[in-house]
Amino acid sequence: SFAEEPQHAWGYLNLHDTANQLVQLINTQFKRPRFKVTCEPDQLKWYCESASLKQALTNLMMNAAQSIDDNGLVMLDIKQTSSGGVAIKIVDTGCGISEANLKRVFEPFFTTRPEGKGQGLGLSVAYSAIEKHKGKLAINSREGKGTVIEVRLPVLKEQEEEKSASNPSTKSL
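So for the sequence shown, this note's numbering puts the first residue at 7; every next one is plus one.
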């Protein structure tokens with residue numbers, strides 16, 4: 007299940023299943039937003055440190071869900087890129103982030119929530135986890151219009167090595 011991941015364990019994670027489990031988890035806490043999940047290819051597996059990548063996605067999706075006051079929408083789109091990497095896009099129709107706050111969202115302990123409603127660690131933890139995977143995380147937002155979060159994850163060297171070890175090329179002499 008979602009919370010039973012051993013820390014620092016690297017392996018292949020089914021991103022489609024993970025995304026659907028994540029939406030189920032968030033739906034238990036937030037009744038407001040509707041969620042739409044797309045994943046191409048359907049059973050995309052990604053080599054990663056599962057616990058930290060799941061935590062990053064959880065934090066990003068929780069922030070999106072928390073930004074919605076009424077019947078908004080959170081879309082999670084996961085695609086394999088032409089280079090073999092993964093592109094993850096989270097789009098919400100929430101309240102958006104002001105330009106001044108946008109510059110600070112990855113700072114540890116920065117929050118716009120009332121005292122006691124958030125520690126300000128979600129996005130900084132997500133950023134660190136994405137960096138651990140040699141990825142990039144970008145946020146674009148307009149106050150009152152919603153937010154777009156884009157995560158780009160490259161093929162990791164370890165992933166290439168594991169694939170070639172499981173598919174050894176044969177050479178004839």
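Note that the Cβ used here is the ideal one computed from N, Cα and C, for glycine as well. Since the model is a prediction, treat every value here as computed from it, not as a measurement.
Sorting 38, 157, 147 and 41 by C-alpha distance to the C-alpha of residue 138 places 157 at the top.
Of the residues assessed, residue 106 falls on the exposed side of the cut-off, its CB having fewer than 16 other CB atoms within 10 angstroms. Excluding sequence positions up to five before and after residue 112, its CB lies within less than 6 Å of the CB of 129, 130 and 133, all in the same chain and listed in chain order.
Residue pairing from DSSP places residue 147 in a beta bridge opposite 153. Excluding its 5 nearest sequence neighbours in each direction, residue 91 has C-beta neighbours in its own chain below 7 Å: 158, 159, 160 and 161, listed in chain order. Spatial neighbours of residue 93 in its own chain (CB-CB distance under 6 Å, excluding positions within 5 residues in sequence) are listed in chain order as 85, 87 and 158.
Annotated as distal: residue 79 and residue 43, with beta-carbon spacing of 7 Å or more. The continuous stretches of alpha helix (DSSP H) do not include residue 15, and DSSP gives it neither H nor E.
Taking 4 residues as the minimum length, the alpha helix (DSSP H) runs contained wholly in the segment 65–142 are 105–108 and 128–138, in order along the chain.
Contact between residue 98 and residue 70 holds, with the beta-carbon distance rounding to 4 Å and staying under 8 Å. Residue pairing of residue 42 in beta bridges, as defined by DSSP: 81. Excluding sequence positions up to five before and after residue 32, its CB lies within less than 7 Å of the CB of 67, 68 and 71, all in the same chain and listed in chain order.
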